[in-house]
Structure formats: structure tokens, C-alpha cells
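Peer 1: Numbers given in the working numbering equal positions in the sequence shown, counted from 1, plus 121. For every residue, glycine included, the Cβ atom is placed at its ideal position computed from N, Cα and C. Since we're looking at a predicted model, the values are computed, not measured.
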Amino acid sequence: LEELYETARSVALDVLIEVHDERELYRALELDSRLIGINNRNLHTFETKLEVTLDLLDNIPDDRLLITESGILQTKDVELMHSQGVYGFLVGEALMRQPDPGVALMGLFQDLA
Numbered sequence: 122l123e124e125l126y127e128t129a130r131s132v133a134l135d136v137l138i139e140v141h142d143e144r145e146l147y148r149a150l151e152l153d154s155r156l157i158g159i160n161n162r163n164l165h166t167f168e169t170k171l172e173v174t175l176d177l178l179d180n181i182p183d184d185r186l187l188i189t190e191s192g193i194l195q196t197k198d199v200e201l202m203h204s205q206g207v208y209g210f211l212v213g214e215a216l217m218r219q220p221d222p223g224v225a226l227m228g229l230f231q232d233l234a
């Protein structure tokens, strides 16, 4: 992981390090990446739980940018994360299942503007 991170940084790329649990989070924090993504999707069962982000976010230093990934399906999910200090979102499935993804995206974030 460190070698990949250093290679990306050596060519001026920003690096988003994705984690799924506390062990992976601490490994990611050892690097100097400012971007940490917490994936709420269990890659074995494909089940999503927003609690994954909620359980890990207190372990992330204030100088890092947190992105919550997967399971953001409704405005209430965005509001929940926002209320906990999460301002970055990776949203895919919720948009791709809609006939007009752009309208769906605006709907997810409408109350935060």
C-alpha cells in the first residue's frame, strides 16, 4: 500500500485510500493521505450499513477529509452523515437506478444548500 501511495504521489496524484474496518483505517492513517474513504458496502455480501462510517469516523484526525462510500440512498442518509461532520459522499447505485441521475443527485442534496 505504501509503495502504491508513494508512486501516485510522485506523479502529483491525490490518493483516496478506501477502508472497510478499523484495522484498514489505522493502516491508511499511517500514510500521509488527506483523503480517507470509508466503504459502507461489505464486499462479500454486498450489504450496506451506514454504521460502518459512523463507527469509524471518530478515529479520523481533523486534518483528513472523509468520504463516505456506498449506501447513500436517500436525503435522510445525507442528512445523517452531514450531522456527524461528513461532507464527502461517493454515490453510485442510488443514482444509476434512476431514470434521470442528475435530478436524483439534486434531490439527495437539496436540503443542504
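1. Please identify the residue among 135, 140 and 208 whose C-alpha is closest to the C-alpha of residue 183.
2. Which runs of the beta strand (DSSP E) at least 3 residues long sit entirely within the segment 155-188? Give them in chain order.
3. What separation, rounded to the nearest whole angstrom, lies between the Cα atoms of residue 154 and residue 127?
4. For residue 171 and residue 131, I'd like the C-alpha separation in whole angstroms.
5. By the DSSP assignment, the beta strand (DSSP E) with residue 211 in it spans what residues?
6. Between which residues of its own chain and residue 228 is the CB-CB distance below 8 angstroms, once the five residues before and five after are set aside?
7. Between the C-alpha atoms of residue 230 and residue 148, what's the straight-line distance to the nearest angstrom?
8. Going by C-alpha to C-alpha distance, which of 224, 156 and 146 sits closest to residue 299?
9. Looking at the structure shown, is residue 145 part of a helix, part of a strand, or coil, going by DSSP?
10. With respect to the alpha helix (DSSP H) encompassing residue 224, which residues constitute its N-terminal and C-terminal limits?
11. DSSP has residue 140 in a bridge; who is on the other side?
Peer 2: Taking the structure as given:
1. Taking the first residue of the sequence shown as position 1, residue 183 is located at position 62. Cα-wise, what sits closest to residue 183 is 208.
2. Whole beta strand (DSSP E) segments, 3+ residues: 156-160.
3. Within the sequence shown, residue 154 is the residue found at index 33, counting from 1. Within the sequence shown, residue 127 is the residue found at index 6, counting from 1. The alpha-carbon atoms of residue 154 and residue 127 are separated by roughly 10 angstroms.
4. Along the sequence shown, one-based indexing puts residue 171 at 50. Along the sequence shown, one-based indexing puts residue 131 at 10. Cα to Cα, the separation comes out at about 34 angstroms.
5. Numbered from 1 along the sequence shown, position 90 holds the residue referred to as residue 211. Its beta strand (DSSP E) spans residues 209-211.
6. Mapped onto the sequence shown, residue 228 falls at position 107. Cβ within range, chain order: 196.
7. For this step, residue 230 is matched to residue 109 along the sequence shown. For this step, residue 148 is matched to residue 27 along the sequence shown. When rounded, the distance between both Cα atoms is 32 angstroms.
8. Since the first residue shown for the chain is 122 and the last is 234, residue 299 is missing from the structure and cannot be characterised.
9. Here the question's residue 145 lines up with position 24 in the sequence shown. Looking at residue 145 - three-state DSSP - the assignment turns out to be helix.
10. Against the sequence shown, residue 224 aligns to sequence position 103. Here the alpha helix (DSSP H) through residue 224 covers 222-230.
11. Residue numbering aside, residue 140 sits at position 19 when the sequence shown is read from its first letter. The partner list for residue 140 (beta bridge, DSSP) reads 159.
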